[in-house]
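*Asks:*
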Amino acid sequence: MNNRLDGKVALVTGALGGFGRAITRKFVSDGTKVVAVDVTDDGAESLQDEFGDSVKFLQGDHCVRAHNEAAVALALDTWGKLDILVNNAGIGRTAAFSEVDDELFREVIDVNLMGQFRLTQAALPAMLDGLDSQPLSRSIVFLSSGLGLYGVARSAPYAVSKHGVNGLMRSLAAEYGPRGLRINSICPGIADTALGRMTTAWADSPEEVFESLRQATQLRRLIEPEDIANASAFLVSDDARMIHSVALRVDGGAHV
Ligand SMILES: NC(=O)c1ccc[n+]([C@@H]2O[C@H](COP(=O)([O-])OP(=O)(O)OC[C@H]3O[C@@H](n4cnc5c(N)ncnc54)[C@H](O)[C@@H]3O)[C@@H](O)[C@H]2O)c1
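Per my numbering: the sequence shown = residues 1 to 256.
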């Protein structure tokens, strides 16, 4: 148990997925209260059982403004403030470029980029409220991807959405940094979550894809959800108080 996030209040999206659940677990163990949002409620009961009163679950779609407002209101009504936003929800889709149609492109951009934009807009008033008296004490983390910095085949919509997330992060960092709000992103390498599996589903043997990615990584290891949870907890903590506008690769050295 490390109490460096003691007393903070966070909103985490995609909280029932691989990274979101690990982030929620890490935040709670570090002393943070969490509003956990996910578009599904499949797994919500076990989340609530695991974390008890430290977590309030809300089924909601971060693409829907009313759901985002409800999530922010839940944090304010329950714990009186909002210190941390982790924009983690996302979807993975792969397709040969010649097979990408408008519908697929729009879906990925809407969920991975527009959803994060909409939720951030809904959360900002609460996050800025009272920040003048405690600058640098609040923070936003966006889940981008290695594909927010690079590209691979069959990933055009996803890579565009994740490059967009880094653009959103940097733009907001410029706009709200002067008010003391810290904003960063994390660019993970591939991990064996539902989304990670989906992005390798095109291959005859996804296992072989994972293995070749592992071999291509300098540390010869693939990341695990806990690596993203630890990076998130660091970025939102006071230990990172001068880290701002950074797209942090957490990928074991997938690109050197
Ligand atoms: N797993 C990887 O290999 C990997 C690599 C790089 C980046 N990422 C990014 O990390 C984030 C989390 O990925 P993960 O691996 O945990 O995926 P995951 O599929 O395990 O979890 C994603 C969660 O987001 C939820 N979600 C999807 N659409 C939503 C919406 N509109 N509103 C609210 N919730 C929604 C899903 O229900 C799911 O629980 C994503 O943004 C993803 O793009 C993942």
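Every residue, glycine too, gets a C-beta built ideally from N, C-alpha and C.
Computed from a predicted structure; not experimentally measured.
Report the partner residues of Q59 according to the DSSP bridge assignment.
*Replies:* For Q59, which the question treats as bridged, DSSP gives the partners D38.
*Asks:* Tell me the start and end of each unbroken alpha helix (DSSP H) in the stretch 92-161 that is at least 4 residues and wholly inside, in chain order.
*Replies:* Within the stretch 92-161, the complete alpha helix (DSSP H) runs of at least 4 residues are 102-109, 115-128.
*Asks:* State yes or no: is the C-beta of G115 nearer than 7 Å to some heavy atom of ligand 1?
*Replies:* G115: yes, Cβ under 7 Å from ligand 1.
*Asks:* Tell whether a beta-carbon distance below 8 Å holds between V37 and F51.
*Replies:* Not closer than 8 Å, so no.
*Asks:* Can you tell me whether DSSP reads T13 as helix, strand or coil?
*Replies:* Looking at T13 - three-state DSSP - the assignment turns out to be strand.
*Asks:* For the candidate residues V209, D110, R154, A89, whose alpha-carbon lies nearest to that of G18?
*Replies:* The candidate whose alpha carbon is nearest that of G18 is A89.
*Asks:* Looking at the structure shown, is S245 part of a helix, part of a strand, or coil, going by DSSP?
*Replies:* In this structure, S245 counts as coil in the three-state DSSP scheme.
*Asks:* The beta strand (DSSP E) with S237 in it runs from where to where?
*Replies:* Unbroken run through S237: none, as it is neither H nor E.
*Asks:* Go to R21, then tell me how far its alpha helix (DSSP H) extends in each direction, as first and last residue.
*Replies:* Start and end: 18-29.
*Asks:* So what's V209 in DSSP terms, helix, strand or just coil?
*Replies:* Of the three classes helix, strand and coil, the one that applies to V209 here is helix, per DSSP.
*Asks:* With DSSP run on the structure shown, which of helix, strand or coil describes V165?
*Replies:* V165: helix per DSSP, three-state reduction.
*Asks:* Within 10 Å of its beta-carbon, does P225 have 16 or more other beta-carbons around it, so buried, or fewer, so exposed?
*Replies:* P225 should be labelled buried.
*Asks:* Give the C-beta separation of S139 and K162 to the nearest angstrom, bearing in mind that I take them to be a contact with Cβ-Cβ under 8 Å.
*Replies:* Incorrect: roughly 20 Å between the Cβ atoms, too far for contact.
*Asks:* Look up L47 in the DSSP assignment and give the residues it is bridged to.
*Replies:* L47 pairs with nothing; no bridge assigned.
*Asks:* At a cut-off of 7 Å, would you count F19 as near ligand 1, judging by its Cβ distance to the nearest heavy atom?
*Replies:* Checking every heavy atom of ligand 1 against the Cβ of F19, one is found closer than 7 Å.
*Asks:* At what residues does the alpha helix (DSSP H) containing R4 begin and finish?
*Replies:* No alpha helix (DSSP H) holds R4; DSSP gives it neither H nor E.
*Asks:* So, using beta-carbon positions, are A194 and R154 closer together than 8 Å?
*Replies:* No, they are not a contact pair.
*Asks:* Say yes only if the C-beta of N112 is nearer than 7 Å to one or more non-hydrogen atoms of ligand 1, and no if none qualify.
*Replies:* Yes, Cβ of N112 sits closer than 7 Å to a heavy atom of ligand 1.
*Asks:* So, at 8 Å on beta carbons, what are the nonlocal neighbours of H255 in its own chain, with the 5 sequence-adjacent residues on each side left out?
*Replies:* Excluding positions up to five away in sequence, the list reads G146, L149, Y150, R249.
*Asks:* So is the beta-carbon of L195 under 7 Å away from any non-hydrogen atom of ligand 1?
*Replies:* True, at least one ligand heavy atom lies under 7 Å from that Cβ.
*Asks:* What are the boundary residues of the alpha helix (DSSP H) that R197 is part of?
*Replies:* That run of the alpha helix (DSSP H) goes 194-198.
*Asks:* What separation, rounded to the nearest whole angstrom, lies between the Cα atoms of L47 and D77?
*Replies:* If I take the Cα positions, the gap works out to 21 Å.
*Asks:* Looking only at its own chain, which residues have a Cβ that is under 6 Å from the Cβ of Y229, when we skip the five neighbours before and after it?
*Replies:* This sequence places Ala at residue 229; Tyr is not what is there. Answer for A229: A22, I23, K26, listed in chain order.
*Asks:* Should the stretch 176-194 be regarded as contacting the stretch 117-137, the criterion being three or more beta carbon pairs within less than 8 Å?
*Replies:* Cβ pair count under 8 Å is three or more, so yes.
*Asks:* Mark L113 as exposed unless 16 or more other C-beta atoms lie within 10 angstroms of its C-beta, in which case mark it buried.
*Replies:* Answer is buried; the Cβ neighbour count reaches 16.
*Asks:* Using DSSP's beta-bridge definition, name the partner residues of R182.
*Replies:* S139.
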